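Q:
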Amino acid sequence: MKQIILVSLALMLVLFLFPLAVMPDEPLLSGLALVETDELDDGDSEHTSDYIVPFAEDSGTPPPEPEETLSFDANTYVTVIVNDEMTELSLKDYLRGVMAGEVPASFPEEALKAQAVAARTYIMRNPAATFIDDPSTCMAYSDKYDPRLDAAVENTDGEVLMYDGEPILAVFFSTSSGKTENAADVWGGEYPYLVAVDSIGEDDSPGRHASITVDLSDFWAALDGVAPSETPFGTVARTPSGGVSSIEISGVEVKGTELRALFGLNSTNFTVAIINGKVVFETVGYGHGVGMPQYGACAMALEGAGYEEILRHYYTGAEMAKLSPVS
Numbered sequence: 568m569k570q571i572i573l574v575s576l577a578l579m580l581v582l583f584l585f586p587l588a589v590m591p592d593e594p595l596l597s598g599l600a601l602v603e604t605d606e607l608d609d610g611d612s613e614h615t616s617d618y619i620v621p622f623a624e625d626s627g628t629p630p631p632e633p634e635e636t637l638s639f640d641a642n643t644y645v646t647v648i649v650n651d652e653m654t655e656l657s658l659k660d661y662l663r664g665v666m667a668g669e670v671p672a673s674f675p676e677e678a679l680k681a682q683a684v685a686a687r688t689y690i691m692r693n694p695a696a697t698f699i700d701d702p703s704t705c706m707a708y709s710d711k712y713d714p715r716l717d718a719a720v721e722n723t724d725g726e727v728l729m730y731d732g733e734p735i736l737a738v739f740f741s742t743s744s745g746k747t748e749n750a751a752d753v754w755g756g757e758y759p760y761l762v763a764v765d766s767i768g769e770d771d772s773p774g775r776h777a778s779i780t781v782d783l784s785d786f787w788a789a790l791d792g793v794a795p796s797e798t799p800f801g802t803v804a805r806t807p808s809g810g811v812s813s814i815e816i817s818g819v820e821v822k823g824t825e826l827r828a829l830f831g832l833n834s835t836n837f838t839v840a841i842i843n844g845k846v847v848f849e850t851v852g853y854g855h856g857v858g859m860p861q862y863g864a865c866a867m868a869l870e871g872a873g874y875e876e877i878l879r880h881y882y883t884g885a886e887m888a889k890l891s892p893v894s
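My numbering applies: residue 568 is where the sequence shown begins, and numbers increase by one.
1) Could you tell me the distance, in whole angstroms, from the CA atom of residue 666 to the CA atom of residue 708?
2) Would residue 643 be called buried (16 or more neighbouring beta carbons within 10 Å of its own) or exposed?
3) Count the CB pairs spanning the stretch 728-748 and the stretch 765-778 that are closer than 8 angstroms, and state whether there are at least three.
4) Kindly identify the DSSP beta-bridge partner or partners of residue 739.
5) As an exercise, report each continuous alpha helix (DSSP H) stretch of at least 4 residues that is fully enclosed by the stretch 683-727, in chain order.
6) Quick one: what does DSSP say residue 638 is sitting in, helix, strand or coil?
7) What is the rounded straight-line gap between the Cα of residue 879 and the Cα of residue 886?
8) Leaving aside the five residues before and after residue 758 along the sequence, list all residues of the same chain whose C-beta is less than 7 angstroms from its C-beta, in chain order.
9) Tell me whether residue 794 is buried or exposed, calling it buried when 16 or more other Cβ atoms sit within 10 Å of its Cβ.
10) According to the Cβ coordinates, are residue 888 and residue 677 closer than 8 angstroms?
11) Considering residue 801, what are the terminal residues of the beta strand (DSSP E) in which it resides?
12) Based on Cα-Cα distance, which residue from 860, 836, 845 lies nearest to residue 851?
13) Tell me the DSSP bridge mates of residue 838?
14) So, at 6 angstroms on beta carbons, what are the nonlocal neighbours of residue 719 in its own chain, with the 5 sequence-adjacent residues on each side left out?
15) What is the C-beta distance between residue 844 and residue 783, in whole angstroms, given that I count them as a contact (C-beta under 8 angstroms)?
16) Using a Cβ-Cβ cutoff of less than 7 angstroms, which residues in the same chain neighbour residue 589 once the five nearest sequence positions on both sides are dropped?
17) Which whole-angstrom value is the C-beta distance of residue 732 and residue 706, which I expect to be below 8 angstroms?
18) Starting from residue 779, follow the beta strand (DSSP E) in both directions and report where the run begins and ends.
19) Strictly by DSSP, which residues pair up with residue 821?
20) Residues in the same chain with beta-carbon distance under 7 angstroms from residue 824, minus the five sequence neighbours each way, listed in chain order, please.
21) Considering Cα atoms alone, identify which of 756, 702, 689 is closest to residue 727.
22) Could you give the first and the last residue of the continuous alpha helix (DSSP H) run that contains residue 665?
23) Which whole-angstrom value describes the C-beta separation of residue 859 and residue 674, a residue pair presumed to lie in contact below a C-beta threshold of 8 angstroms?
24) Since residue 887 sits in a beta bridge, which residues does DSSP pair it with?
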């Protein structure tokens, strides 16, 4: 009897201990996986934390691909005259050429992005227009692409500046004299977002200071209807930003913009005098002075400003918007 009891107890002990002997060291978690991640504690000591995450269910079909974002620039087309030949270009390709023609690729990234947005906005204000590669009347254009310029276009795809629900007249130029011009003082038209603002950091920009010398005979020949005189220059009227709005020459009032066009001056911010029998113009700044100076944008970017901050500084009251392609 004792032997039967002992055998029975032995069998029960084996049945009790067997599951423990074959049980795995780690817990069995149905449908879950144990994931280890290494984290740094305040940058000093390294420790490991365990997180339980669910297994992905195997449905037999691959997960859906993320929805592709359509490019506005690649799906928008404009008419452009390049090398006297009319052609249709995607906005993306046209902007790449404009960037190559307008700004050095060595500019900081944020300045390049500001330029890309300004150029795109200028185009989208009147996308049905025919654009040309003549910088004197439109935007410069070059087919010498650079990956840094391309990136500025791609990273701002479809972004424009808006005012009252419409793309602004996003004009730009090379270098200011320390302050941009009011559009009304240069062209006579009022644009609330094209007003004078301070622009610093451009002292060493190429072309900021220039001197133009004109023979007296050529000077008087260009000024049709103005009689020559030995002391021709009289009262000078200037804009609040320093540009010459008008100057009296032999008693005749001549606009500063007219003199700039006649003699190829870098800007309307100039002084003029007769020296050694020649007319000498000394200019400060490069361009018409309205909107965003490219070297001003460069200076702001070097100081840490982002492209949106740059654009909002030079285009007062304008807001950023992103255009979507028509599906």
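Think of the CB as a built atom: it goes at the ideal place given N, C-alpha and C, for glycine as much as any other residue.
Values in this document were obtained by computation on a predicted structure and should not be read as measured data.
A: Well, looking at it:
1) 7 angstroms
2) buried
3) yes
4) 859
5) 714-721
6) coil
7) 7 angstroms
8) 736, 750
9) exposed
10) no
11) 800-805
12) Taking only the C-alpha atoms, the option nearest residue 851 is 836.
13) 849
14) Here the set comprises 679, 680, 683.
15) In this structure residue 844 touches residue 783 by the C-beta definition: roughly 6 angstroms separates them, less than 8 angstroms.
16) Below a pLDDT of 50, predicted positions are generally treated as unreliable, and residue 589, at 39, falls in that range; no measurement from the model is reported.
17) At roughly 24 angstroms, the Cβ-Cβ gap does not stay under 8 angstroms, so residue 732 and residue 706 are not in contact.
18) 776-782
19) 814
20) 753, 835
21) 689
22) 658-669
23) Actually they do not touch by this definition, with Cβ atoms about 13 angstroms apart.
24) 728
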